[in-house]
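J.: Residue numbers (the working numbering): 14 to 296.
Built from N, CA and C at the ideal position, the CB exists for glycine as well.
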Ligand SMILES: C[S@@+](CC[C@H](N)C(=O)[O-])C[C@H]1O[C@@H](n2cnc3c(N)ncnc32)[C@H](O)[C@@H]1O
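(1) Taking buried to mean at least 16 other C-beta atoms within 10 Å of its own C-beta, is residue 274 buried or exposed?
(2) On the DSSP bridge list, what partners appear for residue 143?
(3) With respect to 6 Å, is the separation between the Cβ of residue 106 and the closest non-hydrogen atom of ligand 1 below this value?
(4) According to DSSP, is residue 118 helix, strand or coil?
(5) Helix, strand or coil: which one does DSSP assign to residue 81?
(6) Tell me which same chain residues have a C-beta within less than 7 Å of the C-beta of residue 191, skipping the five on either side of it?
(7) Under three-state DSSP, which class holds residue 148?
(8) How would you write the range of the beta strand (DSSP E) that residue 290 sits in, first residue to last?
(9) Per the contact definition of three or more C-beta pairs closer than 8 Å, is the stretch 73-80 in contact with the stretch 128-147?
(10) Please indicate yes or no: does the CB of residue 154 lie closer than 6 Å to some heavy atom of ligand 1?
(11) Roughly how many angstroms lie between the CA atoms of residue 16 and residue 124, to the nearest whole one?
(12) Hey, residue 146 and residue 78 are a contact pair by Cβ (cut 8 Å); roughly how many whole angstroms apart?
(13) Closer than 8 Å is the cut-off here; do at least three beta carbon pairs connect the stretch 106-125 with the stretch 51-61?
(14) For a test of the three-state rule: what should DSSP assign to residue 241, helix, strand or coil?
(15) Leaving aside the five residues before and after residue 243 along the sequence, list all residues of the same chain whose C-beta is less than 8 Å from its C-beta, in chain order.
(16) If contact is defined by three or more beta carbon pairs under 8 Å, each pair taking one atom from either stretch, is the stretch 245-253 in contact with the stretch 226-234?
(17) For the alpha helix (DSSP H) holding residue 66, just list the boundary residues, first then last.
(18) Spatial neighbours of residue 99 within its chain, please: C-beta separation below 6 Å, excluding the five flanking residues on both sides.
(19) Between which residues of its own chain and residue 253 is the CB-CB distance below 7 Å, once the five residues before and five after are set aside?
(20) Taking the alpha carbon of residue 60 as the point to measure from, which residue in 158, 40 and 177 has its own alpha carbon closest?
(21) Using a 10 Å radius around the Cβ and a threshold of 16 neighbouring Cβ atoms, would you call residue 133 buried or exposed?
(22) In whole angstroms, give me the CA-to-CA distance for residue 278 and residue 114.
(23) Is DSSP giving residue 158 helix, strand or coil here?
(24) Who are the Cβ neighbours of residue 155 in its own chain at under 6 Å, not counting the five residues just before and after it?
(25) Are there any heavy atoms of ligand 1 lying less than 6 Å away from the beta-carbon of residue 79, as far as the coordinates show?
Next up, the structure:
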């Protein structure tokens with residue numbers, strides 16, 4: 014979702030990459046983690062937000078819509094006091110996450126992580142310091158009533174000074190039907206904004222993976238979402254009972270105009286082509 018436009022690979026690059034990966038035998042969850050997720054960065058943002066908003070360390074998190082549970086696993090590995098619960102509906106991705114526990118976590122770390130199969134709307138857990146809904150997964154709820162119901166459920170799952178951290182995306186490019194390709198190590202990640210309906214706000218996005226030998230995994234993942242805006246999300250969080258809402262915006266590299274990985278709470282943002290922001294619901 015950066016504003017990088019697709020680049021054509023030179024014949025030389027194609028040659029160099031041949032044989033690195035091919036569609037046959039590639040694992041879509043592994044490719045997803047490599048192209049979409051950055052758990053170290055997520056852990057560092059959680060810590061920064063806690064430092065700035067609460068002045069105390071966060072210990073327990075709940076990762077809703079956890080998929081491969083990458084953030085929760087990184088969280089428990091980060092500190093012996095950290096605990097995590099993660100929830101997802103999908104048996105396949107949870108089995109994938111569970112199968113990787115032994116190679117990713119030692120016994121003590123794994124003992125501080127619970128992976129639960131369930132619907133985030135109806136899976137109560139012990140209260141946590143911080144609840145996460147990342148990679149825009151709550152956009153699956155397409156009407157205000159449903160989103161507010163989810164936000165209320167999230168709020169109920171927090172301790173008294175708890176924080177709910179969500180991410181969101183937008184910018185002029187997000188309303189355009191377009192594809193964006195990013196070359197990664199041995200494969201190309203393609204973000205395909207297949208459709209956007211200006212009347213309903215509904216979007217259909219796909220992730221495809223293309224390989225140097227010309228093979229492809231088309232529609233490895235498909236997301237049918239409502240493209241919510243920051244003001245709408247803020248209003249729904251307040252309606253769900255959160256006492257305040259903070260928005261964290263990324264700084265810009267002067268020379269490239271790309272995000273610089275430094276986040277700050279802001280009162281207003283910039284009208285760029287593509288952005289990602291963190292929204293914090295203060296309980
Ligand atoms: C976009 S992926 C997010 C994966 C991961 N959290 C990340 O940050 O990349 C969305 C995940 O939400 C799960 N999901 C969708 N609706 C759900 C629900 N109501 N309750 C729990 N999980 C749900 C899907 O199975 C899928 O694994």
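T.: Let me lay it out:
(1) Here residue 274 corresponds to residue number 261 of the chain shown, with the count starting at 1. Exposed: under 16 other Cβ atoms inside 10 Å.
(2) One-based indexing of the chain shown puts residue 143 at position 130. Note: residue 143 sits in a beta bridge opposite 74 and 176.
(3) Within the chain shown, numbered from 1, the residue matching residue 106 stands at position 93. Flag set: Cβ of residue 106 near ligand 1.
(4) Numbered from 1 along the chain shown, position 105 holds the residue referred to as residue 118. Of the three classes helix, strand and coil, the one that applies to residue 118 here is coil, per DSSP.
(5) Position 68 of the chain shown, counting from 1, holds the residue named residue 81. Three-state DSSP puts residue 81 in coil, outside helix and strand.
(6) Residue 191 sits at position 178 when you count from the first residue of the chain shown. Correct list, in chain order: 206.
(7) For this step, residue 148 is matched to residue 135 along the chain shown. Three-state result, residue 148: coil.
(8) The residue labelled residue 290 in the question sits at position 277 within the chain shown. Taken as a continuous stretch (DSSP letters only), the beta strand (DSSP E) holding residue 290 covers 288-295.
(9) yes
(10) Taking the first residue of the chain shown as position 1, residue 154 is located at position 141. The answer is no for residue 154.
(11) Residue 16 sits at position 3 when you count from the first residue of the chain shown. Residue 124 sits at position 111 when you count from the first residue of the chain shown. Bear in mind that a pLDDT of 37 at residue 16, under 50, signals an unreliable position, so the model cannot answer this.
(12) Numbered from its first residue, the chain shown carries residue 146 at position 133. Numbered from its first residue, the chain shown carries residue 78 at position 65. Right, the Cβ-Cβ distance comes to about 6 Å (below 8 Å), so this counts as a contact.
(13) no
(14) Residue 241 sits at position 228 when you count from the first residue of the chain shown. Residue state, collapsed to three classes: coil.
(15) Start at 1 with the first residue of the chain shown, and residue 243 comes out as number 230. Result list for residue 243: 181, 183, 260, 282, 290 and 292, in chain order.
(16) no
(17) Indexing the chain shown from 1 puts residue 66 at position 53. Looking at the DSSP string, the run of the alpha helix (DSSP H) that includes residue 66 is 52-66.
(18) Position 86 of the chain shown holds residue 99. Excluding positions up to five away in sequence, the list reads 76, 79, 82, 85 and 128.
(19) Residue numbering aside, residue 253 sits at position 240 when the chain shown is read from its first letter. The answer, listed in chain order, is 161, 164, 165 and 168.
(20) Here residue 60 is taken as the residue at index 47 of the chain shown, counted from 1. Per the Cα distances, 177.
(21) Walking along the chain shown from the start, residue 133 turns up at place 120. It counts as buried.
(22) The sequence position of residue 278 within the chain shown is 265, counting from 1. The sequence position of residue 114 within the chain shown is 101, counting from 1. Going by the C-alpha atoms only, they are around 34 Å apart.
(23) In the chain shown, residue 158 corresponds to position 145, counting from 1. Of the three classes helix, strand and coil, the one that applies to residue 158 here is helix, per DSSP.
(24) Reading the chain shown from its first residue, position 142 is the one you call residue 155. Correct list, in chain order: 239.
(25) Looking up residue 79 in the chain shown gives position 66. For ligand 1, at least one heavy atom lies less than 6 Å from the Cβ of residue 79.
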